[in-house]
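For reference, each letter of the sequence shown is one residue, going 67 to 376 in our numbering. Just below is one structure, and these are the notes that go with it.
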Amino acid sequence: MTKVQTEKVTAEDNDIRIDRWFKRNFPAFSHTSIEKALRKGQIRIDGKKAKSSTHVLAGQEIRIPPMKEYIKEEKPKPKIDEKYIKEIQKSVIYKDTDIIVINKPAGLPTQGGVGINVSVDSLLEFLKFDYDKRPKLVHRLDKDTSGALVLARSTNTASELTGAFKSKNIEKTYLALVVGNPELDEGKIDLSISKQDSGAGKEKMIADEKGQKAITYYKVIEKMGKKLSLVELYPHTGRTHQLRIHMSHIGNPILGDGKYGGKLAFIEGLSKKMHLHSYSIQLPGYEKPFVAEVTGKMAETFYKLGISHK
């Protein structure tokens, strides 16, 4: 963009800060460049100067300065292999005007980061279908956790779902293969946790009485002798790595979760991948939960052990 242009604020973007409006609609502008353009009066709302904290309203006109003056030339993004595009499109298990639900493959990060070129976030462009804008992430799953992941197709829906997650108005069920047999067939794990720097910039959750409250309910579905159990996990809170540290805490780490279970988390002859799957998710306003069938290495282990979960 080499010329000044104007854009009208849509109903979707009503009542958000001007700096956030720019990040949402013109991501090439850095935060610093937005602040600079606002100070110089190059960004205007209905012809008037504004601050970064000024809220925009539907119907207002935003003056957009030429990008060349405010952004540095960016390196081209690495091309995404066609196999990832096909895989993410094939993973869609539900789609309507408001949401998309995918069955995220294990090993695919939800968001990018240092050294990560392919993630759900980087693939959202290929989940637009008949929409102009790509869907939005409203929650996340660990890289090695597979299963149901909900995407919002509009800003309004994203806001509603984010609120529902925060208010615990969404029911989630996970499936996990855990080492050994829990002492009780059903139980509640109430263990506060906090983050600890485990070196090299990596974080690990630890049990901490002064940490964030974390509650998980569990139910044993099937026992494979004394070596393994299939459990359903129902997180009441949504802390990072909550299910993993909770199961390890009661002496039954998730199969393949060496980070929290150490050597105890591995069984000879079975996949070393983590066996944790987001099986179903119930959203407000929908009659039935969305179910994501077990796939990948976890499905192979199920077949090997003769497990059939429906």
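We put the CB at the ideal spot given by N, CA and C, even for glycine.
In this structure, does DSSP put residue i in helix, strand or coil?
i, result
"Leu-409", "This structure does not reach residue 409, given that the chain is present from 67 up to 376, and the question cannot be answered."
"Arg-110", "strand"
"Gly-213", "strand"
"His-121", "strand"
"Glu-334", "coil"
"Ile-281", "strand"
"Lys-115", "strand"
"Ala-358", "coil"
"Lys-202", "strand"
"Ile-320", "strand"
Taking residue i as part of the beta strand (DSSP E), name the residues at either end of that continuous run.
i, result
"Glu-366", "Note, Glu-366: premise wrong, no beta strand (DSSP E); alpha helix (DSSP H) at 362-371."
"Val-75", "Taken as a continuous stretch (DSSP letters only), Val-75 belongs to no beta strand (DSSP E), as it is neither H nor E."
"Glu-249", "Premise fails: Glu-249 is in no beta strand (DSSP E) and is neither H nor E."
"Arg-305", "Segment: none, Arg-305 is in no beta strand (DSSP E) and carries neither H nor E."
"Glu-127", "127-130"
In the DSSP assignment, what are the bridge partners of residue i?
i, result
"Gly-351", "Gly-351 pairs with nothing; no bridge assigned."
"Val-297", "Ala-242 and Val-286"
"Asn-80", "According to DSSP, which records beta bridges pairwise, Asn-80 is partnered with nothing at all."
"Met-271", "Lys-261"
"His-343", "Ser-212 and Leu-241"
"Tyr-160", "Val-167"
With distances taken from CA atoms, which of the options is nearest residue i?
i, options, result
"Ser-295", "Phe-368, Lys-114 and His-97", "Phe-368"
"Thr-72", "Lys-285, Leu-203 and Pro-132", "Pro-132"
"Glu-237", "Tyr-345, Gln-108 and Arg-86", "Tyr-345"
"Gly-322", "Ile-130, Asp-164 and Ala-172", "Ala-172"
"Lys-254", "Asp-147, Leu-342, His-315 and Glu-275", "His-315"
"Leu-257", "Thr-223, Met-313, Thr-239 and Lys-202", "Met-313"
The ligand NAD and residue i: does any heavy atom of the ligand fall closer than 6 Å to the residue's C-beta?
i, result
"Thr-361", "Summarising the ligand content, the structure contains no ligands, and the ligand NAD is consequently not present."
Kindly indicate the opening and closing residues of the alpha helix (DSSP H) around residue i.
i, result
"Asn-222", "221-232"
"Tyr-326", "324-327"
"His-97", "97-105"
"Val-186", "186-189"
Looking at C-beta atoms only, is the number of pairs between the segment 269-285 and the segment 304-320 that lie closer than 8 Å three or more? yes
Contact between the segment 146-160 and the segment 108-124 is defined here as three or more beta-carbon pairs at a separation below 8 Å; is this criterion met? no
Check whether the segment 330-338 and the segment 297-304 are in contact - that is, three or more C-beta pairs closer than 8 Å. Under the 8 Å Cβ criterion, the segment 330-338 does not count as touching the segment 297-304, having fewer than three qualifying pairs.
Just checking, does the segment 342-361 make contact with the segment 160-170 on the three C-beta pairs under 8 Å criterion? yes
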